[in-house]
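A short write-up of the structure that comes next.
Residue numbers (my numbering): 715 to 912.
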């Protein structure tokens with residue numbers, strides 16, 4: 715049976731490692747509404763770390779070492795606290811079974827931010843144009859983790875919808891398909907094969 719944990723706007727947690735579900739409610743120091751992702755230990759259900767789309771937090775809800783500024787400066791400066799700015803704009807996947815994790819974040823470059831977001835932020839058509847990834851070593855800092863590789867560009871130069879990113883396990887049981895919605899008003903989906911190597 716799988717172990718699943720959720721940290722949501724109401725900070726609820728559900729442990730399904732037992733036959734009966736026991737919801738536990740807490741009031742954490744962080745309050746996420748959008749752009750949120752997290753990952754839990756598959757054996758215990760313990761929260762390992764979470765992301766608001768711009769900052770990584772360890773299991774104690776403290777900013778992880780090197781976990782700030784996961785997006786370009788303009789988007790970070792104007793939207794990082796207390797929440798990320800959009801739904802489904804961060805995603806965490808294991809990078810094999812070695813305690814390393816990919817953190818994928820979709821955002822907007824500073825130049826596009828200045829050209830579009832800064833002038834039309836309330837507009838529905840405020841595109842993103844960069845998909846970045848970061849690598850976390852959860853074994854660092856006595857299990858609190860550390861970002862060991864940061865601000866790597868996976869995809870850029872093409873307009874993407876500001877929301878709509880998800881993952882699906884590959885049929886080989888090891889790899890993942892990362893799916894990102896493409897341009898507005900299209901059925902375009904951009905897919906990436908995520909492996910422990912790349």
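Beta carbons are placed, not taken as given, at the ideal position from N, Cα and C, and that holds for glycine. In this text, all values refer to a predicted model and were calculated from it rather than measured experimentally.
Distance from the CA atom of residue 771 to the CA atom of residue 824, rounded to whole angstroms, is 24 angstroms. Residue 874 and residue 908 have their C-alpha atoms spaced approximately 19 angstroms apart. By alpha-carbon distance to residue 760, the top candidate from 898, 857 and 910 is 857.
Within the DSSP bridge table, the entry for residue 764 names 752 and 771 as partners. The bridge partners DSSP lists for residue 880 are 893. According to the DSSP assignment, residue 843 belongs to the beta strand (DSSP E) that extends over 842 to 851. Taken through DSSP and simplified to helix, strand or coil, residue 860 comes out as strand. Relative to residue 911, the option among 803, 812, 877 and 758 whose CA is nearest is 812. Put simply, the backbone Cα of residue 750 is about 17 angstroms away from that of residue 895. Note on geometry: alpha-carbon atoms of residue 847 and residue 820 lie some 9 angstroms from one another.
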